[in-house]
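Working notes for the structure below.
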Amino acid sequence: MERGSGGGAVVAVGVRVRRGPVSASNPTCGDPILGGLTPQDAGFTEEDVERARRYHRPLYVSWGASLLIDLAVLASVTFALPSWLTSGLPWPVRAAVITAATLALLTIAGLPLGYAMGFVREHRWGFSTQSLTGWAADKTKGFAIGTVLTALLMTGFVGLARTFPRTWPFVSAGGFGAVILLLSFLSPVVFEPLFNRFEPLADERLSRRLKALAVEAGVPVRDVLVADASRRTKKENAYVSGLGRTRRVVVHDTLLARGTSDELALVVAHELGHRRMRHVLKGTVLGLAGGAAAVAVLWVVLRSGLLLRWAGANGPGDPRVIPLVLLVSALLQLAASPFEAALSRRWETAADRFSLGLSGDLAVFEAAHVGLARSNLGDLDPPRLVYLLTFSHPTAPERIADARRWTSVRSGA
């Protein structure tokens, strides 16, 4: 799925319970996968599957541990927030301090595991190209952005609850919806440049081809840019970001270096398919609906005198409710993850078929997805439960199996 979708929006911007890895693994590499095709039938070897298994299996353990750490920290802060932390401060300052302190504790608690799995292990597997200084700088920037956004959001929430003590859920739902829309516009022009440098694609012939492809897909783009992903990782990606006049195709330099022009065009066609089928718009609408539902749940939770007493808060307008709001938001996001993943997989399959319709070349489709899976070490045969709960994309063998079926039906074979 491309960047910029609004699906999965929750009340808290800076607190997102860590979803499962992009893929997982299962040692039974010769068994048919969910799509009815073995990895070997899709062009992979047993060594491919085994290597992916060794890479991904520890990620499950770390994901589960990270999830427990996040929830434990949020629960601890919710029900054991020291009163001296913000005593005597104006309520807006208290709200900002409580939010920042909560996110800081989450970051500190998750730092050892994040360093071990996200830096040390990625280097051992030959994926990361980033220095420790660069990794730390990215984490610092991410923390700073998340803290500022979440502090503003939580301060606004408390302010609305104080100003509209009876109707704050309705006002808050509208306010959160506006934030989701605003972030959708700001992300490509404000946040993405903070983490990557973008240059116009130097290959003018390929750039013209990709722009023509976008026109053919019905979603013309302003620019075709190359992101300097290689200064962080050897993994590959491409996406379409921006809305309206800011829409552009972004290709990672890692994919540009390995893939053929036909494979690159197919990957971009897939991303254009998301736009053509309005997946970003639909995801944003679902995000707005999810935000409204989250506010409704918060309204019920914050009417509980028992929970408010445990949190040491007097009501929704008390800044001390913020850790409770973040905890409830994290739990809601966790509960919604399987449904988000299922919808995302459905949209990914639709975009795959769109890319096939544009290219008409099944061989290029298969070569592209085999190459991406090998380069990114994508899981080829995940445990079914993990797949259903966390996978936002079908596996590569699944995608190839569906492409073969769809092409066969379309050709009348």
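Just so you know, we're using our numbering here: the sequence shown kicks off at 793 and counts up by one. Using N, Cα and C, we set each Cβ at its ideal position, and we do this for glycine too.
Would you mind sorting residue i into buried or exposed? The rule is 16 or more other CB atoms within 10 Å of its CB.
{"i": "Pro850", "result": "exposed"}
{"i": "Thr1076", "result": "buried"}
{"i": "Ala1195", "result": "buried"}
{"i": "Ile825", "result": "The predicted model places Ile825 with a pLDDT of 46, which falls under 50 and marks its position as unreliable, so this point remains unresolved."}
{"i": "Val853", "result": "exposed"}
{"i": "Ile1114", "result": "buried"}
{"i": "Leu978", "result": "exposed"}
{"i": "Pro831", "result": "buried"}
{"i": "Ser1136", "result": "buried"}
{"i": "Thr820", "result": "With a pLDDT of only 33 at Thr820, under 50, the local geometry of the prediction cannot be trusted, and no value is derived from it."}
{"i": "Arg1197", "result": "exposed"}
{"i": "Ser1053", "result": "exposed"}
{"i": "Glu1190", "result": "buried"}
{"i": "Gly1204", "result": "exposed"}
{"i": "Ile900", "result": "exposed"}
{"i": "Leu1098", "result": "exposed"}
Contact check, residue i vs residue j under 8 Å by CB: the rounded distance?
{"i": "Asp1015", "j": "Pro985", "result": "Not quite, the Cβ-Cβ distance comes to about 13 Å (not below 8 Å), so this is no contact."}
{"i": "Val1018", "j": "Phe983", "result": "In fact, because the Cβ distance is near 18 Å, the residues do not count as touching under 8 Å."}
{"i": "Arg1050", "j": "Val1011", "result": "25 Å between Cβ atoms; not a contact."}
{"i": "Leu924", "j": "Phe911", "result": "7 Å"}
{"i": "Val981", "j": "Thr1038", "result": "6 Å"}
{"i": "Ala1188", "j": "His1161", "result": "5 Å"}
{"i": "Leu1172", "j": "Phe956", "result": "Going by Cβ atoms, the distance from Leu1172 to Phe956 rounds to 52 Å, so no, they are not a contact pair."}
{"i": "Leu1094", "j": "Pro1108", "result": "5 Å"}
{"i": "Leu1058", "j": "Ser1147", "result": "5 Å"}
{"i": "Ile972", "j": "Leu1080", "result": "6 Å"}
{"i": "Ala1128", "j": "Gly1082", "result": "7 Å"}
{"i": "Leu905", "j": "Ser858", "result": "6 Å"}
Determine the extent of the alpha helix (DSSP H) in which residue i is found, giving its start and end residues.
{"i": "Glu1028", "result": "First-last for Glu1028: undefined, no H or E at that position."}
{"i": "Ala867", "result": "Glu838 to Phe871"}
{"i": "Leu1236", "result": "Residue 1236 cannot be examined here, being either before or after the span of the chain that is shown, 793 to 1205."}
{"i": "Pro904", "result": "Trp883 to Tyr907"}
{"i": "Val1156", "result": "Leu1154 to Asn1168"}
{"i": "Arg1218", "result": "An answer regarding residue 1218 cannot be provided, because it is not within the stretch 793 to 1205 covered by the chain."}
{"i": "Ser1232", "result": "Nothing can be reported for residue 1232: it is not among the residues displayed for the chain, which extend from 793 to 1205."}
{"i": "Asp1054", "result": "Ser1053 to Arg1068"}
{"i": "Leu1172", "result": "Element bounds for Leu1172: n/a, residue is neither H nor E."}
{"i": "Val1007", "result": "Glu996 to Ala1009"}
{"i": "Trp876", "result": "Per DSSP, Trp876 belongs to no alpha helix (DSSP H) and is neither H nor E."}
Hey, could you find the ends of the beta strand (DSSP E) residue i is sitting in?
{"i": "His1044", "result": "Arg1040 to His1044"}
{"i": "Ala1085", "result": "No beta strand (DSSP E) holds Ala1085; the alpha helix (DSSP H) holding it covers His1071 to Val1093."}
{"i": "Asp1015", "result": "Asp1015 to Ala1019"}
{"i": "Phe990", "result": "Phe990 to Pro992"}
Excluding the 5 residues preceding and the 5 following residue i in the sequence, name in chain order all residues of the same chain whose CB lies nearer than 6 Å to its CB.
{"i": "Ala1006", "result": "Pro1012, Val1013 and Leu1064"}
{"i": "Val814", "result": "Summary for Val814: the model assigns pLDDT 43, below 50, so the residue's position carries little reliability; its value from the coordinates is reported in the next sentence. Nothing listed; no residue qualifies."}
{"i": "Val844", "result": "First, the amino acid is wrong: residue 844 is Ala here, not Val. Closer than 6 Å at Cβ, skipping near neighbours: Ser817, Leu1169, Asp1171 and Leu1172."}
In its own chain, which residues sit with a C-beta less than 8 Å from the C-beta of residue i, not counting the 5 before and 5 after it?
{"i": "Val1087", "result": "Val803, Pro961, Ser964, Ala965 and Phe968"}
{"i": "Leu1180", "result": "Pro1130, Ala1133 and Ala1134"}
{"i": "Leu866", "result": "Val807, Thr894, Leu898, Pro1115, Leu1118, Leu1119 and Ala1122"}
{"i": "Leu1154", "result": "Leu1148, Ala1195, Arg1196 and Thr1199"}
May I ask whether a heavy atom of the ligand PLP can be found less than 7 Å away from the beta carbon of residue i?
{"i": "Gln922", "result": "Absence of the ligand PLP from the depicted structure is noted, as is the absence of any ligand whatsoever, leaving it without description."}
Cutting at 7 Å between CB atoms, please list the residues of its own chain near residue i, excluding the five before and the five after it.
{"i": "Glu1055", "result": "Val1156, Ala1159, Ala1160 and Gly1163"}
Query raised in the report: Would you call the stretch 1026-1033 and the stretch 908-923 in contact, with 3 or more CB pairs under 8 Å?
Result: In short, these stretches touch, since the Cβ pair count reaches three.
**Report entry** Cβ pair count under 8 Å reaching 3, the stretch 874-888 against the stretch 1122-1138
**Finding:** No: fewer than three Cβ pairs fall under 8 Å.
Query - Cβ contact (3+ pairs, closer than 8 Å) linking the stretch 1105-1121 and the stretch 1156-1174 - result: Fewer than three beta-carbon pairs drawn from the stretch 1105-1121 and the stretch 1156-1174 are found closer than 8 Å, and the two stretches are therefore not classed as touching.
Query raised in the report: If you pair each beta-carbon of the stretch 1142-1157 with each one of the stretch 893-900, do three or more pairs fall below 8 Å?
Result: With the rule of 3 Cβ pairs closer than 8 Å, the stretch 1142-1157 does not count as touching the stretch 893-900.
Query raised in the report: Given 8 Å as the limit, is there contact between the stretch 1092-1106 and the stretch 1183-1195, that is, 3 or more CB pairs closer than that?
Result: Taking one beta carbon from each stretch, the stretch 1092-1106 and the stretch 1183-1195 have fewer than 3 pairs nearer than 8 Å; the two do not touch.
Query raised in the report: Is there contact between the stretch 938-947 and the stretch 876-890, where contact requires at least three CB pairs shorter than 8 Å?
Result: These segments touch.
Report task. Evaluate the contact criterion for the stretch 1062-1079 versus the stretch 923-941: three or more CB pairs, one atom per stretch, below 8 Å. Result -> The stretch 1062-1079 vs the stretch 923-941: no contact.
Report task. Report yes or no: do three or more beta-carbon pairs, one from the stretch 994-1011 and one from the stretch 1029-1046, lie closer than 8 Å? Result -> Between the stretch 994-1011 and the stretch 1029-1046, the count of Cβ pairs shorter than 8 Å is three or higher; the stretches touch.
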